[in-house]
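A quick write-up on the structure given underneath.
Protein chains: 2
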Amino acid sequence: MSDRKKTDKFFSEIMARNKEQEKPIEQIQIGKQLKQIRTKNKLTLDEASKLTGLAKSTLSKIENEQVSPTFAVMQKLATGLNIDIPQLFTAPKKLQSCGRRDITRANEGLSHITSTYEHNLLATQLSNKLMMPYMSRIHARSFDDFGDWIRHEGEEFLFVIEGQVQLLSEFYEPATLNVGDSVYYDAGMGHLAISVSEEDALILWITAQ
Amino acid sequence: MSDRKKTDKFFSEIMARNKEQEKPIEQIQIGKQLKQIRTKNKLTLDEASKLTGLAKSTLSKIENEQVSPTFAVMQKLATGLNIDIPQLFTAPKKLQSCGRRDITRANEGLSHITSTYEHNLLATQLSNKLMMPYMSRIHARSFDDFGDWIRHEGEEFLFVIEGQVQLLSEFYEPATLNVGDSVYYDAGMGHLAISVSEEDALILWITAQ
DNA sequence: GAAAAAAGTTTCCTATAGGAAACTTTTTTC
DNA sequence: GAAAAAAGTTTCCTATAGGAAACTTTTTTC
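Sequence lines, in order, name chains P and Y. Using the UniProt record's numbering, the letters of the first sequence correspond one by one to residues 1 to 209. Using the UniProt record's numbering, the letters of the second sequence correspond one by one to residues 1 to 209.
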């Protein structure tokens with residue numbers, strides 16, 4: 001139980017580390033943002049004015065930060081220019097990261113052992129990633145080895161590499177999975193994987209948030 | 001080459017299907033939104049006023065939709081109440097889906113065959129998911145079997161189940177991967193996996209966007 | 001390269017957002 | 001349940017956003 005707690009904390013920490021790219025400060029220059037969107041779409045102020053129903057003088061003033069647009073105006077901008085409002089606030093360059101690569105050799109992941117699982121975190125060199133892959137040897141044999149459901153944000157994909165696994169979950173009957181079988185589920189639903197084969201099963205687990 | 005194109009289209013379609021949950025209409029009631037955030041945080045107008053530096057009369061008027069706040073005011077709201085601006089626009093309930101589950105038995109995925117790969121899509125019963133898992137038998141033996149790099153949004157995780165694989169990529173030397181090895185990379189970087197073992201290799205591939 | 005056209009900015013006015021204080025409604029205290 | 005306190009709304013004023021038209025700057029035409 002206290003072991004369970006520890007594991008949970010461990011995962012949330014790792015996940016947080018993987019995501020942190022959220023927003024910068026709220027010091028966004030909405031005018032710059034708008035101008036960039038308009039010019040990128042090759043629109044003149046007159047055209048944008050027709051599309052949004054706003055006076056071109058208004059658009060000009062917004063773009064030059066002479067005026068702070070009201071929410072009503074921002075809605076017109078969004079529908080007229082066909083952008084969703086959040087886009088007006090997101091930092092100009094949403095620099096899609098590109099070119100990273102991280103190889104993990106068999107049995108060389110970062111190990112993390114609990115009483116129920118022996119986790120092997122993969123691709124740990126990379127932070128800010130969308131998925132978190134790890135290979136786990138399942139020691140647990142019954143629900144009681146845990147004390148409570150595992151529950152966290154996001155979605156999970158489980159693939160059986162060795163042995164036989166039973167996926168217990170809050171809203172479904174236990175499902176028995178053999179080598180090659182896989183299951184995709186919402187991690188917010190209580191879930192647990194236990195070994196039911198003679199030897200401890202080995203699975204590949206991937207979490208996304 | 002035309003085969004490559006087909007594959008690409010196929011993937012983007014699947015990915016689009018998996019994501020579509022974006023935004024609803026831009027008919028958001030920002031006042032309702034704000035009131036919900038404030039009450040959920042158990043703040044009075046006076047407290048919110050102190051936190052944001054806005055007059056409580058202003059807050060009241062915004063909440064009752066008597067006034068359309070300017071962007072400047074929205075920034076104060078965001079920093080003061082410690083929310084990121086997009087949150088002011090997102091529909092009230094961001095219903096975290098919970099309780100879905102989809103099992104795919106070994107060799108029972110949805111098959112999609114090209115000249116280079118034999119894909120087996122997993123968990124296809126579920127849409128709107130963060131990850132897209134598939135198992136692929138790699139027929140390809142060299143870069144020339146493709147004609148061009150594979151490149152698409154998002155990140156990818158590759159795990160070798162059978163055989164020996166070489167991951168070719170735009171910015172790295174080819175990497176040879178054996179059973180149990182895995183690699184995580186940005187899919188925006190040109191990439192290809194080819195078999196280098198006698199028999200065609202089998203890999204598990206997971207994409208997230 | 002001068003004239004015309006297009007694109008963008010500024011001016012000036014009106015409509016409305018933001019704030020202080022008065023007021024009303026709701027909740028708490030005893 | 002009356003009095004006091006707290007929470008929220010409305011009023012009234014000032015500051016500023018939004019729009020039409022004049023104006024300036026930039027681009028295109030010949």
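A virtual CB, placed ideally from N, CA and C, is assigned to each residue, including glycine.
Handout entry: Any chain P beta carbon closer than 9 Å to Y/Asn64
Key = no
Problem - Any C-beta of chain P under 9 Å from that of Y/Asn41 - result: Not an interface residue.
Problem - Classification of P/Asn120 by the beta-carbon crowding that lies within 10 angstroms, buried from 16 upward - result: buried
Exercise for the section: Please determine if the region 163-173 of chain Y and the region 129-141 of chain P are in contact, where contact requires at least 3 C-beta pairs separated by less than 8 Å. Expected result: no
Practice task
For P/Phe157, I'd like the list of residues in its chain whose CB is within less than 6 Å of its CB, leaving aside the five on either flank, ordered along the chain.
Solution key: Tyr184, Ile206
Practice task
Could you pull the start and end residues of the beta strand (DSSP E) that P/Thr207 belongs to?
Solution key: Per DSSP, P/Thr207 belongs to the beta strand (DSSP E) from 201-208.
Exercise for the section: Please decide whether Y/Ala55 counts as near chain P, where near means a Cβ-Cβ distance under 9 Å. Expected result: no
Handout entry: Residue(s) in a DSSP beta bridge with Y/Arg137
Key = Y/Glu118, Y/Leu202
Exercise for the section: Determine the direct distance from the alpha carbon of Y/Ile113 to that of P/Thr39, and round the result to whole angstroms. Expected result: 42 Å
Practice task
Name the two residues that bound the continuous beta strand (DSSP E) containing P/Ala175.
Solution key: For P/Ala175, the enclosing beta strand (DSSP E) begins and ends at 172-177.
Practice task
Could you work out which residue in P/Glu65, P/Gln166, P/Ile203, P/Gly80 is closest to Y/Gly180 when comparing CA atoms only?
Solution key: P/Ile203
Handout entry: Where P/Thr7 falls: helix, strand or coil (DSSP)
Key = With a pLDDT of only 47 at P/Thr7, under the threshold of 50, the placement of this residue in the model should not be trusted; the figure read from the coordinates follows. Reduced to three states, the DSSP call for P/Thr7 is helix.
Handout entry: Option in Y/Leu168, Y/Asp46, Y/Glu155, Y/Thr52 with minimal Cα separation from Y/Leu81
Key = Y/Thr52
Practice task
Please confirm whether P/Ile103 and Y/Ser197 have their CB atoms less than 9 Å apart.
Solution key: no
Exercise for the section: Kindly indicate which three-state DSSP category Y/Lys23 falls into: helix, strand or coil? Expected result: Residue confidence is low: Y/Lys23 scores 42 on pLDDT, short of 50, so the model does not pin down where it sits. Its coordinate-derived value is still stated next. Reduced to three states, the DSSP call for Y/Lys23 is coil.
Handout entry: Under 7 Å from the C-beta of Y/Lys35: neighbouring residues of chain P
Key = Those within 7 Å of Y/Lys35 in chain P number zero; the least Cβ separation is about 14 Å.
Practice task
Could you tell me whether the Cβ of Y/Ile194 comes closer than 9 Å to any Cβ of chain P?
Solution key: no
Problem - 9 Å Cβ cutoff met for P/Gly163 and Y/Gly99 - result: no
Exercise for the section: Using only alpha-carbon positions, find the residue among Y/Asp145, Y/Asp186, Y/Ile194, Y/Ala48 that is nearest to Y/Ile83. Expected result: Distances from the CA of Y/Ile83 to each of Y/Asp145, Y/Asp186, Y/Ile194, Y/Ala48 were compared; the closest alpha carbon is that of Y/Ala48.
Handout entry: Exposure of P/Glu65, with buried meaning 16 or more beta-carbon neighbours within 10 Å
Key = Counting Cβ neighbours within 10 Å, P/Glu65 comes out exposed, since fewer than 16 surround it.
Handout entry: Interface flag, Y/Lys93 vs chain P, CB-CB below 9 Å
Key = Confidence in Y/Lys93 is poor, its pLDDT being 42 and thus under 50, which makes the residue's placement unreliable; the coordinate value appears in the next sentence. Answer no: the Cβ-Cβ gap between Y/Lys93 and chain P never drops below 9 Å.
Handout entry: 9 Å Cβ cutoff, Y/Arg17 in contact with chain P
Key = The pLDDT assigned to Y/Arg17 is 47, lower than 50, so where the model puts this residue is not dependable; a value taken from the coordinates is nonetheless given after this. No - not a single Cβ of chain P is within 9 Å of the one on Y/Arg17.
Exercise for the section: Measure from the C-beta of P/Leu45 to each C-beta in chain Y and report whether the shortest distance is under 9 Å. Expected result: no
Exercise for the section: Please report how far the alpha carbon of P/Tyr117 lies from the alpha carbon of Y/Ala193, in whole angstroms. Expected result: 31 Å
Problem - Simplified DSSP state of P/Thr52, which is helix, strand or coil - result: helix
Practice task
Look at the alpha carbon of P/His191 and the alpha carbon of P/Asp144, and state the distance between them as a whole number of angstroms.
Solution key: Across the structure, P/His191 and P/Asp144 are spaced so that their CA atoms are roughly 13 Å apart.
Practice task
Write down the C-beta distance between Y/Thr70 and P/Ser68 rounded to the nearest angstrom, noting that I regard them as a contact closer than 8 Å.
Solution key: 4 Å
Practice task
Use the C-beta contact count for P/Gln21: other C-beta atoms within 10 angstroms, 16 or more gives buried, fewer gives exposed.
Solution key: At P/Gln21 the pLDDT is 40, less than 50, meaning the model places this residue with poor confidence and gives no usable figure here.
Exercise for the section: Output yes if chain P places a C-beta closer than 9 Å to the C-beta of Y/Arg137; else output no. Expected result: no
Practice task
Kindly indicate if chain Y contains any beta-carbon less than 9 Å away from that of P/Val179.
Solution key: True, the Cβ-Cβ gap to chain Y drops below 9 Å.
Handout entry: Interface flag, Y/Ile150 vs chain P, CB-CB below 9 Å
Key = no
Exercise for the section: Would you kindly work out how many angstroms separate the C-alpha atoms of P/Lys50 and Y/Val73, rounded to a whole number? Expected result: 27 Å
Problem - Reduced DSSP category for Y/Arg38 - H, G, I as helix; E, B as strand; rest coil - result: helix
Practice task
Using a Cβ-Cβ cut-off of 9 Å, state whether residue 284 of chain Y counts as contacting chain P.
Solution key: Residue 284 of chain Y lies beyond the residue range present for chain Y, which begins at 1 and ends at 209; the question has no answer from this structure.
Handout entry: Pair within 9 Å by beta-carbon distance, Y/Glu155 and P/Leu54
Key = no
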